[in-house]
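Chemist: This is the structure I have questions about; it appears just below.
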Ligand code: PEP
Ligand code: MN
């Protein structure tokens, strides 16, 4: 729509899309509203819309993904998560333990995360473990501890759901639904998350191509939830020196193709404590909109992913470094804009 289009213009287009038997997706932005159309089998004739008041252009999106595409919405999406944002000018830092273990463990980390100035807290209450005998998470009791973190420290809660019941519970206690790497192509779960009104942090599958990753995001959006944040968390390759291979080249590729923000997870991306800091810095340098970092008060005692957990002190040091890198990039960006 044109920048000066009024709500009635937007509603009129949406109404016509519905009358044609398709689904309109209204995506308001800072300067203009984009309206995506899905549900059509063949091409839709642009003549239906072109001359309506407020319409700037009717564009055919030829890519397999539509709603996430920059063709539909050239402007970057800034996603509201609780009382903060991901995808805006500020670097979004999500930190916390891999799993919620005890209130004491969680609150200890939360204190450091809040002190660093980060606005988001992570911690799994439902853990997708390789072995059925490994710690599976504390379930709803864990979510209650996380919700106490929000009350006490003002941090916004990002936490994983593995099934529909989990999504209902995360909607109740959390601020952002994490869909893990192992569920990236759980299409019924993606659709269910698409029907909620909570933002979704979608992690890249263990061996997902960029197109598969983007189409997974499209599943969520096709149901009407446009608040999706992508996360590169490393993929499986032949390398054995790290848990996964963190594919940083996906960051500029995502920025080129979509309006969605993307963050990096150097914890799962490397699996090794000593690699987390350098790869986090690299992630910021290539333009990630944020990071998700695992922190444990005592990594050697962690019930899950201790080898990749930072100590609170290491985390504070990392936070300073990535903030400095982000600041340089932001000021360079300003200079480029001035030129
Ligand atoms: C996690 O964030 O704790 C997690 C299980 O991540 P992933 O789905 O990327 O393995
Ligand atoms: Mn983990």
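Residue numbers (my numbering): 1 to 339.
We put the CB at the ideal spot given by N, CA and C, even for glycine.
Since this is a predicted model, take the numbers as computed values, not measurements.
Between residue 294 and residue 309, is the Cβ-Cβ spacing less than 7 Å?
Modeler: Mapped onto the chain shown, residue 294 falls at position 294. Mapped onto the chain shown, residue 309 falls at position 309. Cβ distance < 7 Å, so residue 294 and residue 309 count as in contact.
Chemist: Under a Cβ-count criterion, where at least 16 other Cβ atoms within 10 Å of its own Cβ denotes burial, should residue 341 be classed as buried or exposed?
Modeler: Residue coverage of the chain in this structure runs from 1 to 339, which leaves residue 341 outside it and unanswerable.
Chemist: Give the DSSP-derived three-state secondary structure of residue 146 in the structure shown.
Modeler: Taking the first residue of the chain shown as 1, we reach residue 146 at position 146. Residue 146 falls in the helix class under three-state DSSP.
Chemist: Between residue 235 and residue 266, what straight-line distance do the alpha-carbon atoms span, to the nearest angstrom?
Modeler: Within the chain shown, the letter at position 235 stands for residue 235. Within the chain shown, the letter at position 266 stands for residue 266. Approximately 12 Å, taken between the alpha carbons.
Chemist: If you pair each beta-carbon of the segment 78 to 96 with each one of the segment 171 to 179, do three or more pairs fall below 8 Å?
Modeler: yes
Chemist: I want to see whether chain C comes within less than 7 Å of residue 62, judged by CB atoms only; does it?
Modeler: Included in the structure is just one protein chain, with no chain C present.
Chemist: For residue 6, does the count of other Cβ atoms within 10 angstroms reach 16, so buried, or fall short, so exposed?
Modeler: Counting from 1 along the chain shown, the entry for residue 6 is found at position 6. Label assigned to residue 6: exposed.
Chemist: Inspect the beta-carbon positions of residue 217 and residue 206 and report whether they are closer than 7 Å.
Modeler: On the chain shown, position 217 is the one that residue 217 refers to. On the chain shown, position 206 is the one that residue 206 refers to. The answer is no: Cβ separation not under 7 Å.
Chemist: Near residue 229, which residues of its chain fall below 6 Å by C-beta distance, leaving aside the five closest residues on each side in sequence?
Modeler: In the chain shown, residue 229 corresponds to position 229, counting from 1. Cβ within range, chain order: 79, 86, 201, 261.
Chemist: Nearest CA to the CA of residue 141: which residue from 152, 133, 135, 125?
Modeler: Your numbering for residue 141 matches position 141 in the chain shown. Here the closest residue by C-alpha is 125.
Chemist: Taking Cβ to Cβ, would you say residue 94 is nearer than 7 Å to residue 158?
Modeler: Within the chain shown, numbered from 1, the residue matching residue 94 stands at position 94. Within the chain shown, numbered from 1, the residue matching residue 158 stands at position 158. The Cβ atoms of residue 94 and residue 158 lie closer than 7 Å to each other.
Chemist: Under 8 Å: do the segment 66 to 77 and the segment 247 to 264 share three or more Cβ pairs, one atom per stretch?
Modeler: yes
Chemist: Evaluate contact between the segment 44 to 62 and the segment 3 to 22, counting only Cβ atoms and requiring at least three cross-stretch pairs below 8 Å.
Modeler: yes
Chemist: Starting from the C-beta of residue 62, find all residues in its chain whose C-beta is less than 7 Å away, skip the five residues before and the five after it, and write them out in chain order.
Modeler: For the purposes of this step, residue 62 is taken as residue 62 along the chain shown, with counting starting at 1. Cβ neighbours of residue 62 within its own chain (closer than 7 Å, five residues either side excluded): none.
Chemist: Do you know offhand how far residue 1's Cα is from residue 112's?
Modeler: Within the chain shown, residue 1 is the residue found at index 1, counting from 1. Within the chain shown, residue 112 is the residue found at index 112, counting from 1. Near 45 Å, if we compare the C-alpha coordinates of residue 112 and residue 1.
Chemist: Which same chain residues end up closer than 7 Å to residue 307 when comparing Cβ atoms and leaving out the 5 residues on each side of it in sequence?
Modeler: For the purposes of this step, residue 307 is taken as residue 307 along the chain shown, with counting starting at 1. These residues qualify, in order along the chain: 271, 272, 273.
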